[in-house]
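Residue numbering for the sequence shown follows the UniProt record's numbering, beginning at 1 and increasing consecutively.
Glycine included, each C-beta is placed from N, C-alpha and C at the ideal position.
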Amino acid sequence: MARRMPPDPELVRELREMQAAPKIWVAAGEIAWVDAGGRPKGYKFRAALSLEGYTPDTLYVEAYYKESTIEDVPDKLSLSLFYRNHRILGLDENGATRHRNGVGVGRQHYLELVGHPHLHTISDDAVCGYAEPLESAEFSAHWATFLSHAGIENAPVFSLPPGQRELPL
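Structure, rendered in structure tokens:
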């Protein structure tokens with residue numbers, strides 16, 4: 001198996017700067033979930049962000065939600081910050097599954113199996129793929145964590161797609 005080449009350090013720097021930069025949620029009102037299909041049905045949304053007064057079409061938040069059909073397994077939620085087709089930050093809740101950190105040399109959880117929920121961040125050796133464990137929480141708390149790490153202000157309060165209900169932990 002061929003080893004992956006690490007990304008250009010200049011790209012890593014640029015993406016980290018974008019993650020850290022203050023951003024403004026552009027859309028007004030609630031999160032605009034749309035049907036993503038599947039069985040059970042999933043939902044997704046994409047929202048533009050403003051940066052220093054302009055709205056680059058390559059900078060956005062994308063999310064996916066799917067209700068669990070398995071008792072005692074949490075619903076799936078994936079929150080992502082994208083810039084120039086790179087997932088530069090992600091927060092994933094996907095129940096009992098695990099993620100192996102095959103990237104992130106020198107970081108605390110390198111080569112570990114990390115459960116859900118977890119936060120994906122950029123590493124020097126890979127733009128995506130490294131996950132840090134998070135404590136289980138309500139989706140609204142995960143939303144607040146994601147917005148804080150992404151530097152996003154003026155975002156709506158977290159809400160599930162119409163007809164879906166978040167149950168307490």
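Spatial neighbours of Leu-77 in its own chain (CB-CB distance under 6 Å, excluding positions within 5 residues in sequence) are listed in chain order as Tyr-65, Glu-93, Phe-139. In the structure shown, Glu-62 adopts extended strand secondary structure according to DSSP, grouped into three states. For Trp-33, the CB contacts under 6 Å within the same chain, skipping 5 residues up- and downstream, are Tyr-43, Phe-45, Pro-161 in chain order.
In the displayed model, Glu-93 falls within a strand according to three-state DSSP.
Restricting attention to Glu-153, Glu-112, Leu-111, the CA atom closest to the CA of Lys-23 is found in Glu-153. If you draw a 10 Å sphere on the C-beta of Tyr-54, you find fewer than 16 other C-beta atoms in it, and that means exposed.
Look at Ala-20 here: in three-state DSSP terms it is helix.
Sequence-distant Cβ neighbours of Ala-150 in its own chain, meaning closer than 6 Å and more than five residues away, are Leu-81, Leu-89.
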